[in-house]
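The next block holds one structure in the form of structure tokens; read it before the comments.
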Amino acid sequence: NAGVMQNPRHLVRRRGQEARLRCSPMKGHSHVYWYRQLPEEGLKFMVYLQKENIIDESGMPKERFSAEFPKEGPSILRIQQVVRGDSAAYFCASSYIAGEETQYFGPGTRLLVL
Amino acid sequence: LAKTTQPISMDSYEGQEVNITCSHNNIATNDYITWYQQFPSQGPRFIIQGYKTKVTNEVASLFIPADRKSSTLSLPRVSLSDTAVYYCLVGDGDAAGNKLTFGGGTRVLVKP
Chain B
22 NAGVMQNPRH LVRRRGQEAR LRCSPMKGHS HVYWYRQLPE EGLKFMVYLQ KENIIDESGM
82 PKERFSAEFP KEGPSILRIQ QVVRGDSAAY FCASSYIAGE ETQYFGPGTR LLVL
Chain W
2 LAKTTQPISM DSYEGQEVNI TCSHNNIATN DYITWYQQFP SQGPRFIIQG YKTKVTNEVA
62 SLFIPADRKS STLSLPRVSL SDTAVYYCLV GDGDAAGNKL TFGGGTRVLV KP
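Here the protein sequences come in this chain order: B and W. Going by the numbering used here, the first sequence opens with residue 22, and the numbers climb by one from there. Going by the numbering used here, the second sequence opens with residue 2, and the numbers climb by one from there.
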């Protein structure tokens with residue numbers, strides 16, 4: 022049973038470009054969470070999704086950021102018109118049951134904005 | 002969500018026992034205490050979870066006093082590979098879409 026998969030592992034973008042981060046949850050998991058981690062800091066919650074629904078996006082900036090989890094395919098975190106402050110590690114986690122304390126994390130995508 | 006406070010860093014030597022104490026004075030009745038481990042360039046990994054008293058698994062032990070205002074993660078006989086950041090989290094496991102709140106964590110450095 023493969024774990025949570027994220028791609029790409031590293032992504033370099035210039036200011037103003039778009040970044041697309043993909044996350045495939047563990048098999049059988051229908052709850053996906055996105056977190057952002059700045060250097061030397063803990064992870065910060067961004068958004069929680071179930072299939073085809075955004076349940077909680079309270080941690081996601083209202084501009085330039087969007088997330089989706091379609092019926093088929095991976096969850097996608099999209100950042101439009103990236104700025105240098107978007108440089109961070111973005112982690113996806115999944116769980117089988119909503120509210121399950123144990124979330125399984127992917128290896129993360131490290132975004133660098135030049 | 003209850004706030005947690007834990008030491009910023011901790012050094013140890015191979016073979017020693019490492020104890021990390023986390024304070025969570027405002028823990029709610031429904032809250033569980035969970036610890037995650039994060040290696041450099043990797044996502045956090047669940048270590049252990051408890052509600053009260055003591056929980057032990059193959060990796061660690063978790064001690065929770067009766068008032069539940071603190072908890073101690075105990076790593077027995079650490080090795081170099083236990084060097085990581087350890088996060089203490091407190092939250093309601095039954096809450097739908099429970100979003101995990103990570104503090105700064107404790108950086109544990111195991112020396113040879």
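C-beta atoms are modelled at their ideal positions from N, C-alpha and C, and glycine is treated no differently.
Residues within the stretch 32-53 of chain W neighbouring chain B, beta-carbon criterion of under 9 Å: Taking a C-beta cut-off of 9 Å against chain B, the contacting residues of the stretch 32-53 of chain W are Tyr-33, Thr-35, Tyr-37, Gln-39, Ser-42, Gln-43, Gly-44, Pro-45, Arg-46, Phe-47 and Gln-50, listed in chain order.
For W:Ala-97, the three-state DSSP class (helix, strand or coil): Counting from 1 along the second sequence, the entry for residue 97 of chain W is found at position 96. Note on W:Ala-97: pLDDT 48, under 50, position unreliable in the model; no value is reported.
Residue-chain proximity (W:Gln-4, chain B), Cβ-Cβ < 8 Å: Within the second sequence, residue 4 of chain W is the residue found at index 3, counting from 1. Checking the sequence shown, residue 4 of chain W turns out to be Lys, not Gln. Not an interface residue.
CB contact flag (W:Gly-44, B:Phe-112, <8 Å): Working through the second sequence from its first residue, we reach residue 44 of chain W at position 43. Working through the first sequence from its first residue, we reach residue 112 of chain B at position 91. Yes, they are a contact pair.
Cutoff 8 Å: W:Tyr-87 Cβ touching any chain B Cβ: As a first step, residue 87 of chain W is located in the second sequence; it is residue number 86 there, counting from the start. Taking Cβ atoms only, chain B never reaches closer than 8 Å to W:Tyr-87, which makes this a no.
Distance, B:Trp-55 Cα to W:Arg-78 Cα: In the second sequence, counting from the first residue as 1, residue 78 of chain W sits at position 77. In the first sequence, counting from the first residue as 1, residue 55 of chain B sits at position 34. Distance between the alpha carbons of W:Arg-78 and B:Trp-55 is about 34 Å.
Three CB pairs or more closer than 8 Å across the stretch 65-81 of chain W and the stretch 76-84 of chain B: no
Chain-ordered neighbours of B:Thr-123 on chain W, where CB pairs are closer than 8 Å: The residue labelled residue 123 of chain B in the question sits at position 102 within the first sequence. Thr-35, Phe-47 and Gln-50, listed in chain order.
With 16 other Cβ atoms within 10 Å as the buried cut-off, status of W:Phe-40: Taking the second sequence and counting its residues from 1, the one referred to as residue 40 of chain W is at position 39. By the neighbour-count rule (16 or more Cβ atoms within 10 Å), W:Phe-40 is not buried but exposed.
Min CB distance W:Thr-30 to chain B below 8 Å: Taking the second sequence and counting its residues from 1, one reaches residue 30 of chain W at position 29. It does not: the Cβ of W:Thr-30 has no partner Cβ on chain B nearer than 8 Å.
Exposed unless 16 or more other CB atoms sit within 10 angstroms - verdict on W:Ala-97: Translated into positions along the second sequence, residue 97 of chain W becomes position 96. Annotation note: pLDDT 48 at W:Ala-97 (below 50); position unreliable, coordinate value reported separately. An exposed status is given to W:Ala-97, since fewer than 16 other beta-carbon atoms sit within 10 Å of its beta-carbon.
Close Cβ partners of W:Lys-55 (< 6 Å) along its chain, the five nearest in sequence each way excluded: As a first step, residue 55 of chain W must be located in the second sequence, where it is residue number 54. If we look at W:Lys-55 and ignore the five residues flanking it on each side, its Cβ neighbours are Phe-64.
Beta carbon proximity, B:Gly-49 to chain C, threshold 8 Å: In summary, chain C is missing from the structure at hand, where the protein chains are B and W.
Sheet register partners of W:Leu-81 (DSSP bridge): For the purposes of this step, residue 81 of chain W is identified with residue 80 of the second sequence, where counting begins at 1. Listed as beta-bridge partners of W:Leu-81 by DSSP are no residues whatsoever.
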